[in-house]
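Residue numbers (this note's numbering): 8 to 989. Positions of the beta carbon are idealized from the N, C-alpha and C atoms, including for glycine. These notes concern the structure reproduced below.
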Amino acid sequence: MPNGMKRVLIGLMAALVCYCLLGFLILPGVAQRVVNQQLIQYATVPARLERIEFNPFSLELTLFNLRLGEEKQQQLGFERLYLDLEWSSLWRRVLQIENIELIQLHTEVVFDKNGVLNLAQLFDLPPATDEESPDETDDEPFALRIGRLQLVKGSVHFADQRPEEPIDFLLDSLNFELLNFATRSDDAADAVLVATGPSGARVDWTGQVNLAPIRSSGRLEISNLMLKDFWAYAHDAIPLQLQEGQLSFASDYRLDLAERTELQLSDLNAQLAPLKLHAPDGQPLVQLENLEISQTSLDLAKQQVVIGQLRSRKLETWATREHDGELNWQKLLTSSPDAADDQSQTIQETDNTEPPQSPSSDDGTTADSNAWQVLLRDAQLRDYQVHLSDRVPDEEVTLELGPLNLDVSDFDSLGTSPFSLELDTAVGNQGSLQAEGQLQLKPATGRLSIKTQDIDLRIAQAYLTPFVHLELRSGLLASQLEFELTGTEPLAFNLGGAAEITQMHTLDTINDRDFVKWQRLQLGGLDYRHPQQLQIERIDLTQPYARFIINPDLTTNINDLLVDKTPTADSDATPGATEPTEPMAIHIGGISINDGSANFSDLSLRPPFITAVQELNGEIGTIDNREQLSASVDIKGKVDRYAPVSIKGELTPFDPLQSLDIATSFRQVELTTLSPYSSKFAGYRIRKGRLDLDLHYRIQQGQLNAENKVVLQQLQLGEQVDSPEAVDLPVRLAVALLKDSRGTISIELPVQGNLNNPQFDVMPIVWQTLRNLIARAVKAPFKFLAGLAGGDQGDLSQVLFAPGSSDLDQQARGNLDTLAHALQERPVLRLEVEGQSSPQADGPLLAEQWLQREYQETWYKMLQRRGDKVPADAAQLEVGEEEKTALLEGIYRSRLGQQPPAQWDELDEQVRSEKMRDAVVASRADSTALLRRLSRDRASSIKEYLVEQAGLDDSRVYLLDTGISHTGQDGQIPTPLHLGTE
8 MPNGMKRVLI
18 GLMAALVCYC
28 LLGFLILPGV
38 AQRVVNQQLI
48 QYATVPARLE
58 RIEFNPFSLE
68 LTLFNLRLGE
78 EKQQQLGFER
88 LYLDLEWSSL
98 WRRVLQIENI
108 ELIQLHTEVV
118 FDKNGVLNLA
128 QLFDLPPATD
138 EESPDETDDE
148 PFALRIGRLQ
158 LVKGSVHFAD
168 QRPEEPIDFL
178 LDSLNFELLN
188 FATRSDDAAD
198 AVLVATGPSG
208 ARVDWTGQVN
218 LAPIRSSGRL
228 EISNLMLKDF
238 WAYAHDAIPL
248 QLQEGQLSFA
258 SDYRLDLAER
268 TELQLSDLNA
278 QLAPLKLHAP
288 DGQPLVQLEN
298 LEISQTSLDL
308 AKQQVVIGQL
318 RSRKLETWAT
328 REHDGELNWQ
338 KLLTSSPDAA
348 DDQSQTIQET
358 DNTEPPQSPS
368 SDDGTTADSN
378 AWQVLLRDAQ
388 LRDYQVHLSD
398 RVPDEEVTLE
408 LGPLNLDVSD
418 FDSLGTSPFS
428 LELDTAVGNQ
438 GSLQAEGQLQ
448 LKPATGRLSI
458 KTQDIDLRIA
468 QAYLTPFVHL
478 ELRSGLLASQ
488 LEFELTGTEP
498 LAFNLGGAAE
508 ITQMHTLDTI
518 NDRDFVKWQR
528 LQLGGLDYRH
538 PQQLQIERID
548 LTQPYARFII
558 NPDLTTNIND
568 LLVDKTPTAD
578 SDATPGATEP
588 TEPMAIHIGG
598 ISINDGSANF
608 SDLSLRPPFI
618 TAVQELNGEI
628 GTIDNREQLS
638 ASVDIKGKVD
648 RYAPVSIKGE
658 LTPFDPLQSL
668 DIATSFRQVE
678 LTTLSPYSSK
688 FAGYRIRKGR
698 LDLDLHYRIQ
708 QGQLNAENKV
718 VLQQLQLGEQ
728 VDSPEAVDLP
738 VRLAVALLKD
748 SRGTISIELP
758 VQGNLNNPQF
768 DVMPIVWQTL
778 RNLIARAVKA
788 PFKFLAGLAG
798 GDQGDLSQVL
808 FAPGSSDLDQ
818 QARGNLDTLA
828 HALQERPVLR
838 LEVEGQSSPQ
848 ADGPLLAEQW
858 LQREYQETWY
868 KMLQRRGDKV
878 PADAAQLEVG
888 EEEKTALLEG
898 IYRSRLGQQP
908 PAQWDELDEQ
918 VRSEKMRDAV
928 VASRADSTAL
938 LRRLSRDRAS
948 SIKEYLVEQA
958 GLDDSRVYLL
968 DTGISHTGQD
978 GQIPTPLHLG
988 TE
């Protein structure tokens, strides 16, 4: 071999040995020493690289066991880093690495309570100087090409001390592979990432990455992510306790940072199952079995989220309105001070950096353009359960909704297009609610078909209690309605269809008695247009009932039911002036009452008056407050089960003074039920009797024309009772005067007047008219009887006799005929005759009549002693003047018990006879016996005529003791008559 060749070979060998020594031994050692020196100089924690290996032929570089941190608190490090460099990097001017393997990379990512990241504190680097900065900025990235980058069995320990509950978890089994990565190429690098997190979570990422410009696309999957590992971040803003929660997520994505940040997610699927949230006090708030969204996409540039399908099952939630009126959710979401501070800071920053207003800001276009749009194509919520409670009332109100099923389709958060809604839920123990239709948010419009069944109205009890002493014992609402919302400012909507309330039962809690109830209330043809019109084609009431009570203090049970509310200063304040609004138009096609009843009690009476009305059936016609048409009324029922009552006619309900024609009729009402009223106002109880009452009231333009007809049948008064309000009248006599031969009292009380006059009141006039009628009857009973008999004769209360006579003249007999006829019409009355005579008018005539009888009796006796033939009665004798003169002196001596005066002997015989006659008559002119006999004869003449001639039962005519009277009209002597009752 030539020496030159040898020298070349030896040189090459020497160079190779030197290259090997340099590459295998010297460079790794020097590099390790330099790296460790730099770590010691700049690292703030203990740091060391254990070994470096380098193959100068294959350009393979391996670093072993890099450790930063304390012995047992390693913050950053790896077991091995392998790089396979390519020789082509020398002439391609690109750092080309065929393979990079990073084995068991471990990183500690720790934020302290001040938010300082530990990795940012690992090195203390000197600040860069201006001289070191390049004059021109190179926009192109460093030229690098990596054939394959692989991270094997990496791990990341993450800890964050900033939240109230620190976060601490380990992301282990981290494997990452990147293929064909280049910084200056349009070709994308393929990447795969697989990692397992805490509690079994797993992250899978497959995609492509570009750095010039920065772009990436691929698919990201996160499965079995336990929310409790990250809940501390949410807990500071939402102070809820997460009991359980697991999230799975998968989506295709596309990220482009070339010009702006563009992120698009497609084919997104997410599942949240299960989820349990509690309030800070441990009370449950949300429990969810499953929530899944699919066929979903997100576009960051368009600010749009499209949810293709949303499926959820068995969510259970609790919502409560607290005593201060706020919802528990509202309090929980606004109670975090950190959140409040962040919000206020954000608001302040926003105020300081207000963007310029665009011309379209007035109509809301700018605000809408900055808003995110969420499109929900199809959502199905199944078996939801909502627990509602209200603690504002004194007694907490609870309502259960569920199982609740809700379907929503084509929902747009911008609200410019309608979306479909279908709701089906149970309400309470037995109720149900169904709604189906479309709604739109902007403008707020929509149509819904609503159907309810057996909604328990007792839920309203707690809201009624502060205002009325009323217990809502039962009540069920059912409806089938069409709801149309036409606007919200002002609120305008239409509600039509049918509704009914069944088994309504309210209880007066003060008296512990039924107040109002009905079996069924049906509203047909309902058409409510808020706030202009309410139209109901028909109202059907089945078995309605009401109770009305007058209390001892003359208040009513309705007054008692109202809770006395002391007005506050705010309520006393005069409200501001408001524009007058047109009253709502109300139209009711008709009202039907079927098998109604009512109770009426008047406790102001002693004993109390209580009655009942049953079997109320009837119809009320059209009611309209705009057209003012008369509504027909035709109602029938029974009082106390047997006495019929009817109300028939027509009226204008909203203006009864314009037109009214109502006839009310009661038949065969037992008067014993009215005994409390008779005791109070008449002073007598009622033993028996029945009442027929006809009331006919007619009103035309405020003018009243009323006819009141009262018929009392077989009225019998009972025992007398003390009553300070009883009339001071002989009630029994009044009853006897009014009662006809059939035992009937018929009274007609017409009333007329102007109802527009505020001083005019109907009932006081009716009662005063009735009182006046009775007063006139008892104060002038014979005049009342004369009117009943149709006679126009004089006063029937007395019979006039000629002086000294007991014979009835023609006028007296006519009056007695009239009286007898009236008494036959009033069989309860009895007549009392008080025979009277007048000493002045009757005395002298009686004395003359007595003297004539003395003549007859004395002459009769003389004829008998002589044995002459005489008649059977001395009154039949005719005594001549001569015999009278002869008999006179004997009568004078026997009756006056003395002799005629001696001086009369000197007188002429005729004069002497006249003197004796005048003396005898004068001695008998004031004879009480003669006067009483005349009085008895007169009374007997009256009774005899009434019995014998007028046909009056003698048992109804009583002769009273005689009396003394004065001369009456035309010198006649009156014999008074009196009326009494059996």
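Outcome for residue i when other beta-carbon atoms lying within 10 angstroms are tallied against a minimum of 16
| i | result |
| --- | --- |
| residue 841 | buried |
| residue 764 | exposed |
| residue 822 | buried |
| residue 524 | buried |
| residue 963 | buried |
| residue 860 | exposed |
| residue 786 | exposed |
| residue 789 | buried |
| residue 391 | buried |
| residue 115 | buried |
| residue 48 | exposed |
| residue 319 | buried |
| residue 901 | exposed |
Identity of the residues DSSP links to residue i by a beta bridge
| i | result |
| --- | --- |
| residue 957 | BP columns for residue 957 are empty, so no partner. |
| residue 511 | 525 |
| residue 412 | 431 |
| residue 233 | 253 |
| residue 662 | BP columns for residue 662 are empty, so no partner. |
| residue 159 | 110 |
| residue 720 | 697, 751 |
| residue 637 | None; residue 637 has no bridge partner. |
| residue 398 | Residue 398 is not bridged to any residue. |
Residue i - containing beta strand (DSSP E), residue span
| i | result |
| --- | --- |
| residue 297 | 291 to 306 |
| residue 493 | 477 to 495 |
| residue 217 | 209 to 218 |
| residue 924 | Premise fails: residue 924 lies in the alpha helix (DSSP H), 916 to 931, not in any beta strand (DSSP E). |
| residue 100 | Careful: residue 100 lies outside any beta strand (DSSP E) and carries neither H nor E. |
| residue 938 | Per DSSP, residue 938 belongs to no beta strand (DSSP E); it is in the alpha helix (DSSP H), 935 to 951. |
| residue 92 | 80 to 92 |
| residue 544 | 540 to 549 |
| residue 463 | 452 to 463 |
| residue 601 | 598 to 609 |
Collapsed DSSP secondary structure at residue i in the structure displayed
| i | result |
| --- | --- |
| residue 287 | coil |
| residue 905 | coil |
| residue 334 | strand |
| residue 240 | helix |
| residue 672 | strand |
| residue 517 | coil |
| residue 830 | helix |
| residue 31 | helix |
| residue 39 | helix |
| residue 576 | Unreliable placement is indicated for residue 576, whose pLDDT of 49 sits below 50; the coordinate value is still reported in the next sentence. Three-state result, residue 576: helix. |
| residue 131 | coil |
Other residues of its chain near residue i: CB distance less than 8 Å, five sequence neighbours each side excluded
| i | result |
| --- | --- |
| residue 615 | 608, 609, 683 |
| residue 27 | 63 |
| residue 814 | 808, 948 |
| residue 190 | 148, 149, 150, 151, 152, 218, 219 |
| residue 871 | 877 |
6 Å Cβ shell around residue i - same chain, five flanking residues per side excluded
| i | result |
| --- | --- |
| residue 593 | 541, 632 |
| residue 277 | 256, 300 |
| residue 68 | 61, 90 |
| residue 354 | Caution applies to residue 354, whose pLDDT of 40 falls short of 50 and renders its modelled position unreliable; the value that the coordinates give is listed next. Once the five neighbours on either side are set aside, residue 354 has no close Cβ partner at all. |
Segment limits, alpha helix (DSSP H) that includes residue i
| i | result |
| --- | --- |
| residue 849 | 846 to 873 |
| residue 468 | 468 to 471 |
| residue 684 | 682 to 688 |
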